[in-house]
Amino acid sequence: MNLDLEELTPHRIAAWALLGLGALAALYLIFHAIPLLLWVAITVGPAVWVYLDAEKRNNDRALLWGLLCLASNVLGLIIYLIARPEIGASLCPSCSAALQSHWVACPHCGRALHSLTQ
Ligand SMILES: [Zn+2]
41 MNLDLEELTP HRIAAWALLG LGALAALYLI FHAIPLLLWV AITVGPAVWV YLDAEKRNND
101 RALLWGLLCL ASNVLGLIIY LIARPEIGAS LCPSCSAALQ SHWVACPHCG RALHSLTQ
């Protein structure tokens, strides 16, 4: 590339400067966006999984579990894995939703689970 000084107008200098700034901005985004996305995946991913898992198990506090995991990350995940109810231990005979033993009716379909005379 040969630079002729007569071609070096202020507009061209500004265009090259903008091009350089754009390239720097792109590099900045690449080298900062990738670690940011990784951090979000590591932090938010387990919290979302805990929330969805608790929802699947009809846990009334699914959002709270998700927030606990978001705040404490691995510790919250471990506590949730220890405390979560077993799935399949008791399923609604009508809609197959996971149930907790103390429920008297299915929260999904409303089917009565225990006779009130028991
Ligand atoms: Zn049901």
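No gaps in the numbering here: position 37 of the sequence shown is 77 in the numbering used here, and each next residue is one more.
The beta carbon of each residue, even a glycine, is placed where N, CA and C say it ideally should be.
A residue is called buried when at least 16 other Cβ atoms come within 10 angstroms of its Cβ; Cys109 meets this threshold and is buried. In terms of Cβ geometry, Val144 and Leu153 form a close pair [threshold 7 angstroms].
The Cβ atoms of Pro125 and Arg97 sit closer than 7 angstroms to each other. Separation of Ile119 and Ala81 (C-alpha to C-alpha, rounded to the nearest whole angstrom) is 20 angstroms. When the alpha-carbon of Pro86 is set against those of Ala63, Ala73, Leu121, the nearest one is in Leu121. Nearest Cα to Leu107 within the set Gln140, Tyr91, Trp79: Tyr91. The C-alpha of Glu47 lies about 17 angstroms from the C-alpha of Leu58.
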